[in-house]
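Enquirer: Protein chains in written order, with the working numbering: chain A, 21 to 132; chain B, 3 to 118. All C-beta atoms in this analysis are idealised placements derived from N, C-alpha and C, irrespective of residue type, glycine included.
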Amino acid sequence: QQPVQSPQAVILREGEDAVINCSSSKALYSVHWYRQKHGEAPVFLMILLKGGEQKGHEKISASFNEKKQQSSLYLTASQLSYSGTYFCGTEEEGSTLGRLYFGRGTQLTVWP
Amino acid sequence: GAGVSQTPSNKVTEKGKYVELRCDPISGHTALYWYRQSLGQGPEFLIYFQGTGAADDSGLPNDRFFAVRPEGSVSTLKIQRTERGDSAVYLCASSLTPGLARGEQFFGPGTRLTVL
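(1) Can you find a heavy atom of the ligand PLP that lies under 8 Å from the Cβ of A:R119?
(2) Using the beta-carbon count (16 or more within 10 Å), is A:Q56 buried or exposed?
(3) Would the stretch 65–80 of chain B count as touching the stretch 29–43 of chain A if we require 3 or more Cβ pairs under 8 Å?
(4) Which partner residues of A:G104 appear in the DSSP bridge assignment?
(5) For a quick check, are the C-beta atoms of A:L68 and A:S50 less than 9 Å apart?
(6) Is the separation between the beta-carbon of B:L115 and that of B:L23 shorter than 9 Å?
(7) Beta-carbon of B:F109 versus every beta-carbon of chain A: anything under 9 Å?
(8) Spatial neighbours of B:Q82 within its chain, please: CB distance less than 6 Å, with the 5 preceding and 5 following residues excluded, ordered by chain position.
(9) Closer than 9 Å, Cβ to Cβ, to anything on chain B: give me those residues from the stretch 31–56 of chain A, in chain order.
(10) With 9 Å as the threshold, decide whether the Cβ of A:V63 is near any Cβ in chain B.
(11) By the 9 Å beta-carbon criterion, what residues does the stretch 42–63 of chain B contribute toward chain A?
(12) For a cutoff of 9 Å on Cβ pairs, would you count A:L93 as touching chain B?
(13) When DSSP builds the beta bridges, which residues end up paired with A:Q99?
(14) Would you mind working out which of B:G112, B:T113 and B:L98 sits nearest B:S29, comparing C-alpha positions?
(15) What residues from chain A crowd round B:L93, counting only those whose CB sits closer than 9 Å?
(16) Which residues in the same chain have their Cβ closer than 7 Å to the Cβ of B:G18, if we skip the five residues on either side of it in sequence?
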C-alpha cells in the first residue's frame, strides 16, 4: 500500500527548517527515508524501526509514531545541498521483510 | 568500495523487442531488489531476491517481465515484447539480509529504458 507524503513540494531559504510527513494505512515494521537528486539514484538518509531504534544522517532527524503509522522527517537549518526529492519507503507488517512501498515524493527546493 | 552498478545506463529499443538490464550489487549483499520509477513517481517495487531465489515477485506487472540471479550476485531483468508503457528508469538496490540487519537499501544509478 503506497504511503501518502505531504506536502508535495516545499520551497525554503537557506537556514530555514522543513518537515516532511509520511502516512500509511498499514501497520509498519519500519520507515525508510531517501533523497533523490534529479537524474541520480535515491540516497539513504534514515531508517526508523518499530520499537524506537533509528539509524541515519547526523543533521537530519525523524520520528515514527507506530500507533498512527506516521513518520516525519525534520530538516533543520537547511543547506543548498538539501534540495531534491524526498521519498519515504514503508516496510509493512505481514508483507515480505525488506519490501518497501514508496510514496510519490516531496520536492524540496532550497534557495540562497 | 564499489557501489551498485547497472548496465546499460540508457537503452532505446523498439516496441516488441526484447531487452535485458543488468545489476551488479554490492559485494556481500544477499538481498537484491528491482524497482521501476516513472517520471514524478516514487520507485515501484518489482521483485526481491534473497540469495538466488525470488523471495517476492508480486510486483512484476505481467509475464513479459522476468528476472534471474543464478549465482546469488549479479541479476538480470528481462523484458519481452516491450511496450511503450515499459519506458521508465529501472533501479536496482541491494542490502544486507533483512530481518538480520534491517539496513538501508543501496541504489544503483539506474537504466533509463525508452521504448519507441
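Expert: Taking the geometry as given:
(1) In terms of ligand content, the structure shown is empty, and the ligand PLP therefore cannot be addressed.
(2) The sequence position of residue 56 of chain A within the first sequence is 36, counting from 1. Buried.
(3) In short, these stretches do not touch, since the Cβ pair count stays below three.
(4) Position 84 of the first sequence, counting from 1, holds the residue named residue 104 of chain A. In the DSSP output, where bridge partners are listed per residue, A:G104 has A:L128.
(5) The count along the first sequence starts at 1 and reaches residue 68 of chain A at position 48. The count along the first sequence starts at 1 and reaches residue 50 of chain A at position 30. Yes, the Cβ-Cβ distance between A:L68 and A:S50 is below 9 Å.
(6) Along the second sequence, read from residue 1 onward, the residue named residue 115 of chain B stands at position 113. Along the second sequence, read from residue 1 onward, the residue named residue 23 of chain B stands at position 21. Yes. Within cutoff.
(7) As a working mapping, residue 109 of chain B is identified with position 107 in the second sequence. Yes, its Cβ sits closer than 9 Å to a Cβ of chain A.
(8) Sequence index remark: in the second sequence, residue 82 of chain B carries index 80 (1-based). Closer than 6 Å at Cβ, skipping near neighbours: Y20 and R66.
(9) Within the stretch 31–56 of chain A, the qualifying residues are Y49, S50, H52, Y54 and Q56.
(10) Taking the first residue of the first sequence as position 1, residue 63 of chain A is located at position 43. Yes, its Cβ sits closer than 9 Å to a Cβ of chain B.
(11) G42, Q43, G44, P45, E46, F47, Y50, Q52, A57, D58, S60 and G61
(12) As a position in the first sequence, residue 93 of chain A is number 73, starting the count at 1. Chain B places no beta carbon closer than 9 Å to that of A:L93, leaving this residue out of the contacts.
(13) Against the first sequence, residue 99 of chain A aligns to sequence position 79. Paired residues: none, contrary to the question.
(14) By one-based count along the second sequence, residue 29 of chain B stands at place 27. Minimum Cα distance to B:S29 is reached at B:L98.
(15) Taking the first residue of the second sequence as 1, we reach residue 93 of chain B at position 91. Per Cβ cutoff of 9 Å: A61 and P62.
(16) Looking up residue 18 of chain B in the second sequence gives position 16. Excluding residues within five positions, the ones whose Cβ falls inside 7 Å are R83 and T84.
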